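Chemist: The structure that follows is given in the form of structure tokens.
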Amino acid sequence: MDATQKQKQQPINAQSTTEDVVSLFTRKVANRTQWGAFAVVLPLAIVQGYAENWLMTAWLTAFCCYSLSLALISRHRNLRQIQLLAFVTLLAIAACYSTFINGINGFVWSFPVMASIVFLLRRRLAIITAFCFYALITGVAVIAMPLDLVWRGSLSLGAVLVLTLTLLVLLERMQTSFTQLATTDTLTGLYNRKRLTSELDSALARYRRNQQPVSLVICDIDWFKPLNDKFGHLQGDRLLVQAAQLIQDSVRNTDTVYRVGGEEFLVLMSDTDRAGAAVAAEKLRHQFAAQDFKLKGAETRMTLSAGVAQLKNDEHWTDWLERADQRLYQAKAAGRNKVVSD
Numbered sequence: 001m002d003a004t005q006k007q008k009q010q011p012i013n014a015q016s017t018t019e020d021v022v023s024l025f026t027r028k029v030a031n032r033t034q035w036g037a038f039a040v041v042l043p044l045a046i047v048q049g050y051a052e053n054w055l056m057t058a059w060l061t062a063f064c065c066y067s068l069s070l071a072l073i074s075r076h077r078n079l080r081q082i083q084l085l086a087f088v089t090l091l092a093i094a095a096c097y098s099t100f101i102n103g104i105n106g107f108v109w110s111f112p113v114m115a116s117i118v119f120l121l122r123r124r125l126a127i128i129t130a131f132c133f134y135a136l137i138t139g140v141a142v143i144a145m146p147l148d149l150v151w152r153g154s155l156s157l158g159a160v161l162v163l164t165l166t167l168l169v170l171l172e173r174m175q176t177s178f179t180q181l182a183t184t185d186t187l188t189g190l191y192n193r194k195r196l197t198s199e200l201d202s203a204l205a206r207y208r209r210n211q212q213p214v215s216l217v218i219c220d221i222d223w224f225k226p227l228n229d230k231f232g233h234l235q236g237d238r239l240l241v242q243a244a245q246l247i248q249d250s251v252r253n254t255d256t257v258y259r260v261g262g263e264e265f266l267v268l269m270s271d272t273d274r275a276g277a278a279v280a281a282e283k284l285r286h287q288f289a290a291q292d293f294k295l296k297g298a299e300t301r302m303t304l305s306a307g308v309a310q311l312k313n314d315e316h317w318t319d320w321l322e323r324a325d326q327r328l329y330q331a332k333a334a335g336r337n338k339v340v341s342d
């Protein structure tokens with residue numbers, strides 16, 4: 001890839017999706033947790049060594065080494081779930097053993113352990129692990145602590161479990177909501193350009209794996225700006241909503257429609273070669289021209305121009321997108337209400 005291509009791709013690749021932001025946040029939380037665990041447990045290991053509690057010292061030392069290694073790794077990439085599961089398992093075993101030998105003084109460590117389990121693991125794994133830990137630590141507490149402290153501690157730990165799981169569900173819903181807001185066009189309800197960049201990356205990766213054809217159709221409403229100036233932006237918005245619905249209804253369920261500009265839409269067509277995409281674009285063009293769009297109570301006819309491009313071997317999606325754009329410009333230059341393909 002030459003320098004010109006790199007410069008051309010830089011502005012698009014710099015756009016991070018909400019999933020990227022959340023992933024980065026999760027990695028930072030895990031990293032801070034591991035550094036915090038290392039800083040807290042290391043003095044405890046030293047204290048246990050002075051007390052000649054060698055089993056606990058060995059366990060805490062091993063945990064410190066593991067926490068340090070994870071903290072260093074998570075600075076550069078996300079940790080796998082098996083690594084995080086091993087991390088919280090070591091925490092849980094240490095808390096159970098501490099409860100067994102120290103009673104209530106060890107049981108208090110179950111609260112940060114429970115929070116770590118819930119926030120570091122994926123929800124289903126977190127729920128299973130959290131309830132297993134709750135049952136295990138309660139059983140150890142029954143052996144090592146007076147019963148009046150057992151029921152108080154277990155009740156408090158259960159409340160922490162419920163509250164942290166509730167918070168986790170709320171955070172996941174917020175993430176879904178933020179992702180939708182960041183990747184959806186608020187006017188038409190279609191995906192926006194930010195979502196498109198992510199989907200084109202995925203489409204490129206799938207094509208390189210299985211070599212199944214994939215095509216783009218870029219559509220632009222002809223003479224939209226004069227109409228928008230004549231009837232006003234509110235009526236123009238209503239036309240865009242109607243156009244988006246028509247395009248969405250005209251394509252297959254496996255195709256994805258995006259609004260990528262003011263009056264510009266894009267259809268990503270999987271398992272479709274250039275010829276198939278051109279046929280679909282012609283069908284859409286005819287349906288669009290035959291549609292009566294309602295503006296201020298009157299019916300208005302509009303036309304559509306489209307450019308079609310199939311992804312080529314060893315081609316980046318930015319070049320693929322540019323080719324489709326060029327075909328659209330050719331369709332407009334040829335008099336509009338046309339489809340031009342490679």
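Residue numbers (UniProt numbering): 1 to 342.
Beta carbons: idealized from backbone N, C-alpha and C, even for Gly.
Because the structure is a prediction, the values reported are computed rather than measured.
Can you look up D325 in the DSSP assignment and give me helix, strand or coil?
Modeler: Here residue 325 is taken as the residue at index 325 of the sequence shown, counted from 1. Reduced to three states, the DSSP call for D325 is helix.
Chemist: Report buried or exposed for R152, applying the criterion of at least 16 other Cβ atoms within 10 angstroms of its Cβ.
Modeler: Taking the first residue of the sequence shown as position 1, residue 152 is located at position 152. Under this definition R152 is an exposed residue.
Chemist: Taking the DSSP output, what are the residues bridged to C219?
Modeler: By 1-based counting over the sequence shown, the position of residue 219 is 219. BP columns for C219 point to F265, A306.
Chemist: Can you have a look at D220 and say buried or exposed, based on whether 16 or more other CB atoms are within 10 angstroms of its CB?
Modeler: Stepping through the sequence shown from its first residue, residue 220 is reached at position 220. Buried.
Chemist: Using a Cβ-Cβ cut-off of 8 angstroms (strictly less than) and excluding sequence neighbours within five positions of A203, which residues of its own chain qualify?
Modeler: The residue labelled residue 203 in the question sits at position 203 within the sequence shown. Counting only Cβ-Cβ distances below 8 angstroms, and skipping sequence neighbours, we find V214, L268, S270, L311, W317.
Chemist: What's the gap between the Cα of F63 and the Cα of V257?
Modeler: Walking along the sequence shown from the start, residue 63 turns up at place 63. Walking along the sequence shown from the start, residue 257 turns up at place 257. Distance between the alpha carbons of F63 and V257: 50 angstroms.
Chemist: Please list, in chain order, all residues of the same chain as G158 whose beta carbon is under 8 angstroms from its beta carbon, the five residues on each side excluded.
Modeler: For the purposes of this step, residue 158 is taken as residue 158 along the sequence shown, with counting starting at 1. Same-chain partners within the cutoff: Y134.
Chemist: Between which two residues does the alpha helix (DSSP H) harbouring A280 extend?
Modeler: Counting from one through the sequence shown, the residue named residue 280 turns up at place 280. Counting along the chain, the alpha helix (DSSP H) containing A280 begins and ends at 274-290.
Chemist: Can you pull the DSSP bridge partners for V214?
Modeler: Here residue 214 is taken as the residue at index 214 of the sequence shown, counted from 1. Bridge partners of V214: S270.
Chemist: Reducing DSSP to helix, strand and coil, say where S74 ends up.
Modeler: Working through the sequence shown from its first residue, we reach residue 74 at position 74. Three-state DSSP puts S74 in coil, outside helix and strand.
Chemist: How about S116 and T184: are their beta carbons less than 8 angstroms apart?
Modeler: Counting from 1 along the sequence shown, the entry for residue 116 is found at position 116. Counting from 1 along the sequence shown, the entry for residue 184 is found at position 184. S116 places its beta carbon 8 angstroms or farther from that of T184.
Chemist: What first and last residue would you give for the alpha helix (DSSP H) that runs through L79?
Modeler: In the sequence shown, residue 79 corresponds to position 79, counting from 1. Here L79 belongs to no alpha helix (DSSP H), and DSSP marks it neither H nor E.
Chemist: Tell me which same chain residues have a C-beta within less than 7 angstroms of the C-beta of V140, skipping the five on either side of it?
Modeler: Reading the sequence shown from its first residue, position 140 is the one you call residue 140. The residues C96, T99, F100, in chain order, have a CB closer than 7 angstroms to that of V140 in the same chain once the five nearest residues on each side in sequence are set aside.
Chemist: Can you tell which of L79, A58, V40, L60 has the C-alpha that lies nearest to the C-alpha of R27?
Modeler: Taking the sequence shown and counting its residues from 1, the one referred to as residue 27 is at position 27. Nearest option by C-alpha distance: L79.
Chemist: Is it buried or exposed for N105, if we count other Cβ within 10 angstroms and need 16 for buried?
Modeler: As a first step, residue 105 must be located in the sequence shown, where it is residue number 105. By the neighbour-count rule (16 or more Cβ atoms within 10 Å), N105 is not buried but exposed.
Chemist: Are at least three pairs of beta-carbons, each pair with one atom in the region 231-244 and one in the region 289-298, less than 8 angstroms apart?
Modeler: Three or more Cβ pairs drawn from the region 231-244 and the region 289-298 lie within less than 8 angstroms of each other, which places the two stretches in contact.
Chemist: State the DSSP-derived secondary structure class of A298, mapped to helix, strand or coil.
Modeler: Taking the first residue of the sequence shown as position 1, residue 298 is located at position 298. Three-state DSSP puts A298 in a strand.
Chemist: I'd like to know if the region 276-284 and the region 321-334 are in contact, where contact means that at least 3 CB-CB pairs between them fall below 8 angstroms.
Modeler: no
Chemist: Check each candidate in M302, V88, K230, S110 and name the one with the smallest Cα separation from S156.
Modeler: On the sequence shown, residue 156 is found 156 positions in, with the first residue counted as 1. Among M302, V88, K230, S110, the Cα nearest to that of S156 is on S110.
Chemist: So is the beta-carbon of N102 under 7 angstroms away from any non-hydrogen atom of the ligand COA?
Modeler: The model depicted lacks the ligand COA and carries no ligand whatsoever.
Chemist: At which residues does the beta strand (DSSP E) containing T256 begin and terminate?
Modeler: The sequence position of residue 256 within the sequence shown is 256, counting from 1. 256-259 is the span of the beta strand (DSSP E), which, as asked, contains T256.
Chemist: If you run the structure through DSSP and keep just helix, strand and coil, what is R238?
Modeler: By 1-based counting over the sequence shown, the position of residue 238 is 238. Three-state DSSP puts R238 in a helix.
Chemist: Less than 8 angstroms separating the beta-carbons of T300 and R336?
Modeler: Here residue 300 corresponds to residue number 300 of the sequence shown, with the count starting at 1. Here residue 336 corresponds to residue number 336 of the sequence shown, with the count starting at 1. Not in contact: T300 and R336 (Cβ atoms no closer than 8 angstroms).
Chemist: At what residue ranges does the region 171-200 contain a whole run of the beta strand (DSSP E), taking only runs of 3 or more?
Modeler: none
Chemist: Between which two residues does the beta strand (DSSP E) containing V339 stretch?
Modeler: Taking the sequence shown and counting its residues from 1, the one referred to as residue 339 is at position 339. Residues 339-341.
Chemist: Please look up how many angstroms separate the CB atoms of W54 and A94, rounded, as I've assumed it's under 8 angstroms.
Modeler: Here residue 54 refers to the residue found at position 54 of the sequence shown. Here residue 94 refers to the residue found at position 94 of the sequence shown. Between A94 and W54 the Cβ distance is about 14 angstroms, and since that is not below 8 angstroms, they are no contact.
Chemist: Counting only the same chain and skipping the five closest in sequence on each side, list residues whose C-beta sits under 6 angstroms from that of S250.
Modeler: The sequence position of residue 250 within the sequence shown is 250, counting from 1. L284, Q287, listed in sequence order.
Chemist: Along the chain, which unbroken stretches of the alpha helix (DSSP H) at least 4 residues long are found entirely within the region 100-167?
Modeler: 104-107, 110-120, 123-144
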